[in-house]
Every structure is written in structure tokens, then in C-alpha cells.
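As C-alpha cells, the structure follows; a few thoughts come after it.
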Amino acid sequence: MLEARGLTCSKQDRTLFEGLSLVVKPSELLYLRGPNGAGKTSLLRILTGLSSPDSGAVLYNGIDISKDKTGYYQNLLYLGHKSGTNGSLSALDNLSFWLAQHNVSVPVNTLYDVLEKVGLVGLEDVPVRYLSAGQQRRVALSRLWLKPAKVWILDEPFTALDVKGVHLLETSMKEHVSRGGLIITTSHQPLSETAGEHRVFDLEYRF
Amino acid sequence: MSLYQGIFKRDMQVAFKQKAELVQPLMFLLMVVTLFPLGVSPSPDTLQRIGPGVIWIAAILSSLMAMERLFRDDFQDGSLEQYMLSGMPLPAVSAVKVAAHWLVSFVPLLLLSPLLAMFLNLTVDMYIALVLTLLLGTPLLSLIGAIAVGLTVGLQKGGVLLALLLIPVFIPLLIFATSAVDSAALQLPYHAQLAIIAAMLLLAAAFAPFAIAYSLKVSQN
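In order, the protein sequences belong to chains W and R. Position one of the first sequence corresponds to residue 1 (this note's numbering), numbered consecutively onward. Position one of the second sequence corresponds to residue 208 (this note's numbering), numbered consecutively onward.
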């Protein structure tokens with residue numbers, strides 16, 4: 001269970017949100033919605049612990065995430081605007097180094113399988129910078145099938161994806177939720193039925 | 208593959224795939240050192256007098272060029288975020304990255320140093336002292352530089368600020384290093400200067416990883 005208590009965040013003298021509280025339970029998909037500049041990314045980054053709120057706390061299973069980082073990060077998968085892949089390394093290298101960092105051991109065959117699943121057959125050894133934006137996105141997304149994390153925090157995961165890619169991602173979101181996982185995602189396109197049931201959380205733009 | 212080995216291997220791979228960035232500071236260093244005799248005077252005595260200073264100044268300036276590479280790409284492509292969310296202690300990650308950076312940007316300089324010493328007519332004693340100061344001093348450049356890179360990595364044009372932050376910090380190192388080589392030229396002992404540089408290095412090795420980790424966290428905010 002991921003819980004935010006009384007979060008306040010301000011950027012450039014503008015309060016994005018104040019006293020924001022929300023609870024996401026296992027087997028739940030929270031769809032965070034709001035206009036540009038409403039603070040969706042800021043909220044997600046606070047929920048991951050990458051940035052700290054002006055006030056308030058984030059709790060995972062009742063424990064403050066700043067107190068028990070390792071416990072939380074073992075269960076967290078965050079995909080932000082930036083793909084987190086190095087352009088001069090291949091998809092395969094990027095993923096295997098990432099897995100080593102996150103202390104997940106996966107046989108190489110599984111890596112090939114996942115890359116095939118996301119539609120990157122034959123491109124495993126190509127430096128990521130030569131791939132298209134959508135393909136780079138797919139490399140980043142393949143982490144969803146590799147790290148057994150309970151909490152997914154996805155910032156605009158559908159950007160640059162084609163129709164098939166969107167469908168694949170929505171299906172995997174539904175599967176994750178049915179396995180008892182927890183997802184928080186933002187998107188400017190409404191989620192389709194493939195993504196399963198979801199709760200909408202609106203973030204208003206404040207002046 | 209252990210956690211830290213993985214980071215080290217990755218950084219080495221990335222460095223060797225970006226060969227231009229790897230060679231650029233070395234070319235700069237070579238150019239500065241070869242232009243000095245033409246600009247100042249090619250007389251062997253003058254070169255021997257200014258030699259140690261020229262090599263050290265060129266090393267510091269060329270290291271500034273390579274310094275940004277330490278975290279810039281990782282910050283821009285989001286790898287740094289993923290490091291922070293991996294649960295690994297960030298100071299240890301920073302230390303490994305600094306070690307990899309030192310290996311690819313300063314070890315080639317150490318390998319070039321005999322050539323530079325010959326260009327500038329250094330004696331064997333002076334050259335030994337120069338190598339010792341470089342061995343102790345360049346890891347210090349990497350460690351302290353990394354703190355400043357961590358602080359400026361989120362800025363658009365961080366390079367100028369980086370130089371402004373670092374040059375004053377490097378001045379003591381430059382003074383002690385060149386004074387050690389000068390002492391060697393006069394056949395005097397230079398243990399004291401080496402000891403001071405070593406002390407600075409040990410202090411930086413103990414505290415810099417934490418400062419780097421903190422500065423990276425600040426840049427993420």
C-alpha cells in the first residue's frame with residue numbers, strides 16, 4: 001500500500017499542490033490526470049523519493065520511504081520522461097547493466113524473450129541512439145517484464161508508442177494489477193478498457 | 208556480476224564507445240605543451256624552469272574539459288534516476304564512477320608524461336617527482352571535480368560555473384605539486400609536498416563520495 005500524507009510542493013514560487021493525500025492499495029491502478037504544469041511529474045517524483053516534498057510524507061506499507069529506502073526500492077519500478085538508457089550502449093547491454101544495478105538476476109534468454117515481446121527482434125545489439133523514439137521507449141518499458149516490482153510508477157508511459165505498443169502496455173498493466181500489483185500512471189490520452197478498471201485522480205492547475 | 212563491477216564495466220564501455228570525448232582532453236594537453244616552447248622560448252633552461260608548471264596547468268585545464276562527462280550523460284538520459292532508485296548506496300556508486308573516470312581520463316595522461324617531460328627538457332629526478340605528484344594529485348582532481356559536476360549537472364551551461372568553482376580549489380594542489388618538482392630539480396627532498404598532497408587525497412577520498420552523492424541528490428530536486 002502506498003500512501004501520501006499531506007504533501008505540499010511548490011516550484012518557482014507557485015504552489016503545485018498543498019496538503020495532498022492519497023492512498024493506493026494493492027490491485028489498484030491509479031490514473032493521475034491534469035493539465036500541463038499541474039504537477040503530475042513532481043508528484044510522481046516525490047512518490048518515488050527522487051525529490052522531497054516541502055512538507056508531508058510518503059509511506060510504503062506504513063513505513064516512511066525516506067527511512068527504509070532499500071525495502072521500498074526493491075519493490076519499485078519508476079519510468080520517467082527520460083528513458084534511463086545510454087545511447088551508445090545496445091538495448092541488451094542497457095538492460096543487463098540496469099538489472100545488475102537493481103540486483104535482479106535474469107537469464108540472458110529471458111532478456112531476448114522480453115525484447116522480442118516488445119517488438120525489438122534483431123535490434124538487440126544496435127546502440128539505442130540509432131533506434132526511433134518509440135523503439136527507445138520500448139527498451140525502457142521492457143523493464144516492466146524484468147524486475148519483479150510490486151509498485152509501478154509510470155510517467156507518461158504511452159509517449160511515442162504506436163497503437164500496438166499502447167495495447168501491449170495496457171494489457172501488461174491489467175495483468176500486473178490482477179497479480180496484486182499497484183500502478184500509478186499519468187497520461188494525456190484516456191486509458192482504454194484494455195487497461196482494466198482504474199481510479200482517476202485529478203490534479204488541478206493552481207495559480 | 209557484482210553491483211559495483213557492473214557500474215564500472217558499464218562506464219568503461221560507454222567511455223570507449225565515445226572515443227572522441229576520450230581523446231579530446233589529451234589532444235588539448237599535448238597542444239598546450241607543444242605550443243609553449245614556441246611561444247615562450249625554446250631554450251632548454253627556460254623550458255626546464257617552466258616545464259612542471261606547464262604540464263600541471265595543462266593537466267588541470269584539460270581535466271576540466273573531461274570532467275563534465277562524469278555525470279552529464281547519466282543525468283540527461285535518466286540513468287542517474289535509475290541509479291538512485293536501485294537501492295544501492297549512492298556514495299559507493301559515485302566512488303566507483305569517479306574511479307572509472309580517473310582511469311580513462313588520467314591514466315592516458317600518466318602514460319603520455321614521459322613524452323611531455325622530454326619536450327620540456329625535464330631531468331630524470333624532476334620527472335620522477337612529476338609522476339609522483341600526478342599519481343597523487345590527479346585522483347584528487349577527479350574526486351573534487353565530481354562534487355562540482357554533481358552540483359552543476361542540472362544547469363544548462365554548467366561548464367563556466369564548473370571552472371569558476373574548481374580553479375580556486377585546485378590552486379593549492381598546483382602550488383604543492385610544482386614546488387615538489389622544483390625541489391627535485393635542486394636535488395632537495397620533496398617528501399613534505401608529497402605528504403601534503405597525499406593528505407589532501409586521503410581526506411577527499413574519505414569525504415568526497417558523500418559530498419558527491421549529496422550534490423547529485425540536490426540536482427535531482
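Quick reminder that beta carbons are idealized off the backbone N, C-alpha and C, glycines included.
Closer than 9 angstroms to chain W by CB, residue i
i              : result
I214 (chain R) : yes
Q394 (chain R) : no
R279 (chain R) : no
L210 (chain R) : yes
Q220 (chain R) : yes
Q231 (chain R) : no
R217 (chain R) : yes
Proximity test, Cβ basis, 9 angstroms: residue i and chain R
i              : result
W98 (chain W)  : yes
D202 (chain W) : no
S88 (chain W)  : yes
K69 (chain W)  : yes
D93 (chain W)  : yes
Simplified DSSP assignment, three categories, for residue i
i              : result
S293 (chain R) : coil
L16 (chain W)  : strand
V360 (chain R) : coil
S52 (chain W)  : coil
S21 (chain W)  : strand
G6 (chain W)   : strand
A355 (chain R) : helix
R206 (chain W) : coil
A38 (chain W)  : coil
V177 (chain W) : helix
L233 (chain R) : helix
Q225 (chain R) : coil
P249 (chain R) : coil
L348 (chain R) : helix
S187 (chain W) : coil
G213 (chain R) : helix
L271 (chain R) : helix
N428 (chain R) : coil
V118 (chain W) : coil
S192 (chain W) : coil
S172 (chain W) : helix
Interface residues of chain W facing residue i [CB-CB closer than 9 angstroms]
i              : result
E288 (chain R) : R45, T48, L50, Y78, G80, K82 and G84
Q427 (chain R) : R45, L50 and S51
Contacts of residue i in chain W (Cβ-Cβ under 7 angstroms)
i              : result
G285 (chain R) : G80, K82, S83 and G84
S293 (chain R) : Y73, Q101 and H102
Residues bridged to residue i (per DSSP)
i              : result
E28 (chain W)  : W:L182
P127 (chain W) : W:S90
E197 (chain W) : Note: E197 (chain W) sits in no beta bridge, so no partner.
K11 (chain W)  : W:R14
R33 (chain W)  : W:D202
A57 (chain W)  : W:R5
Proximal residues of chain W, C-beta to C-beta of residue i below 8 angstroms
i              : result
K224 (chain R) : S88, L89 and P127
Closer than 8 angstroms: residue i CB and nearest the ligand MG heavy atom
i              : result
S209 (chain R) : Because no ligand of any kind appears in the structure shown, any question about the ligand MG cannot be addressed here.
Chain C within 9 angstroms of residue i, Cβ atoms only
i              : result
H198 (chain W) : Looking at the structure shown, chain C is missing, and the protein chains on hand are W and R.
- [ ] Give, in chain order, every unbroken run of the beta strand (DSSP E) that is at least 3 residues long and sits entirely within the stretch 141 to 169 of chain W.
- [x] List check, beta strand (DSSP E) in window: 151 to 154.
- [ ] Could you name each continuous beta strand (DSSP E) segment of 3 residues or more that falls completely within the stretch 59 to 107 of chain W, going from the start of the chain to the end?
- [x] Runs of the beta strand (DSSP E) inside the stretch 59 to 107 of chain W: 76 to 79.
Open item on the list: Restricting to runs no shorter than 4 residues, where is the alpha helix (DSSP H) found entirely within the stretch 276 to 343 of chain R?
Closed with: Taking only runs of at least 4 residues, the alpha helix (DSSP H) segments lying wholly in the stretch 276 to 343 of chain R are 279 to 284, 286 to 291, 297 to 312 and 314 to 326.
TODO: Report the residue ranges of all alpha helix (DSSP H) runs contained in full by the stretch 361 to 421 of chain R; include only those spanning at least 4 residues, in chain order.
DONE: Qualifying alpha helix (DSSP H) stretches, in chain order: 365 to 392.
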